[in-house]
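Q:
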Amino acid sequence: MWLDAGTHRIPVRVYRPGADAFGWLVWAHGGSWQAGSLEHWHQPVMDLARVSGCTVVSTGYRLAPRYRHPAQLDDLLTALAWAEEQADHQPLAVGGDSAGGTLAACAALARRDRDEPLAAQVLAYPPLDPGCTAPAYTRDPGAFPAADDLRRAWRMYRGGAGTAVRGGVPLYSTPLEADRLAGLAPAVLAVGDLDPVRDDVTEYARRLREAGTSVRLRVFPHTPHAAFLAGDGPGQGNPRLRRWLGTTLRRHLTPPKETT
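Quick note on numbering: the sequence shown equals residues 2 to 261 in our numbering.
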């Protein structure tokens, strides 16, 4: 289906795992802000909905370099607003993998600043530093994504700009631009120990904790970038990162049982 965003339409797919689904999660795909589609993310997002027990809205967004920041974030915020209308007061979370995780973290900041709180932010190995300066970027020269390629992707996405403003609310291209991280939705973060963005993720988790935000962080051993997309078959990797995200979110959103 498509959401009307005025000047354009945003593609979304809704995955409802069953009649007893509880909570809503809007998921932004990866692809260096330049690629990716709902079709390519169909199987992993469907699995995420099954494991989490949430209704998951997989959303597309306008891609770089034709569209620069904040177009991608605007589209994610539009999808969140639509999902909130459908959720009927159930908890609403935002999430994404890789570049989509960067957008999700920035959406959590924008929603905080609009006084529109979220129940959680679920971030799978988001790149956060446009300069790619952390040691993990050079630890293994053959690791994906290569630092030079990722710096180029950041330039395509940001277009030489950083923070934009909508209605007096800053729209960050990376959460590291924000001066204040307090008051954000609880964060669930996952990254592999072989991932060049590992240090970005662990540093952001540290900053969130220092700001008083609840954080669940897991670093998966022997795991590269793009593990969210891993399948179950031989040679397709291990889907444990994705399923940890789903089960952790499920525990976070499950309402406490009433006691008599």
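In this text, a Cβ means the ideal position worked out from N, Cα and C, and glycines have one as well.
Since this is a predicted model, take the numbers as computed values, not measurements.
When you compare the stretch 130 to 143 with the stretch 187 to 203, are there three or more beta-carbon pairs, one atom per stretch, that lie closer than 8 Å?
A: Yes: the two stretches touch, three or more of their Cβ pairs being nearer than 8 Å.
Q: On the DSSP bridge assignment, give the partners of R14 in chain order.
A: Residue mapping note: residue 14 aligns to position 13 of the sequence shown, counting from 1. DSSP lists S59 as partners of R14.
Q: With DSSP collapsed to three states, give me the class of V198.
A: Counted from its first residue, the sequence shown places residue 198 at position 197. Three-state result, V198: coil.
Q: Terminal residues of the continuous alpha helix (DSSP H) containing L110?
A: Reading the sequence shown from its first residue, position 109 is the one you call residue 110. L110 -> alpha helix (DSSP H) spans A100 to D114.
Q: Is it buried or exposed for V52, if we count other Cβ within 10 angstroms and need 16 for buried?
A: Residue mapping note: residue 52 aligns to position 51 of the sequence shown, counting from 1. Its Cβ being crowded by 16 or more others within 10 Å, V52 is buried.
Q: Which ranges does the beta strand (DSSP E) cover as unbroken runs of at least 3 residues, wholly within the stretch 26 to 77, from first to last along the chain?
A: Counting only runs of 3 or more, we get 56 to 60.
Q: Using beta-carbon positions only, say whether D114 and V170 come within less than 7 Å of one another.
A: The residue you call residue 114 lines up with position 113 of the sequence shown. The residue you call residue 170 lines up with position 169 of the sequence shown. Cβ distance < 7 Å, so D114 and V170 count as in contact.
Q: Residues in its own chain within less than 8 Å of T79 by CB, not counting five upstream and five downstream?
A: For the purposes of this step, residue 79 is taken as residue 78 along the sequence shown, with counting starting at 1. Result list for T79: L4, A6 and I11, in chain order.
Q: So, for L39: in the same chain, excluding its five sequence neighbours on each side, which residues have a beta-carbon less than 6 Å away from its beta-carbon?
A: For this step, residue 39 is matched to residue 38 along the sequence shown. Counting only Cβ-Cβ distances below 6 Å, and skipping sequence neighbours, we find P12, R14, S59 and G61.
Q: Tell me which residues share the same chain as S215 and place their Cβ nearer than 6 Å to its Cβ, disregarding the 5 neighbours each side in the sequence.
A: Reading the sequence shown from its first residue, position 214 is the one you call residue 215. Excluding positions up to five away in sequence, the list reads P187.
Q: For L250, report the span of its alpha helix (DSSP H) as first-last.
A: In the sequence shown, the residue the question calls residue 250 occupies position 249. Per DSSP, L250 belongs to the alpha helix (DSSP H) from R241 to L254.
Q: Per DSSP, which residues does R167 bridge with? Please list them.
A: Within the sequence shown, the letter at position 166 stands for residue 167. In DSSP, R167 forms a bridge with V170.
Q: Let me know the secondary structure DSSP gives R217 once reduced to three states.
A: Stepping through the sequence shown from its first residue, residue 217 is reached at position 216. Here R217 sits in strand by DSSP.
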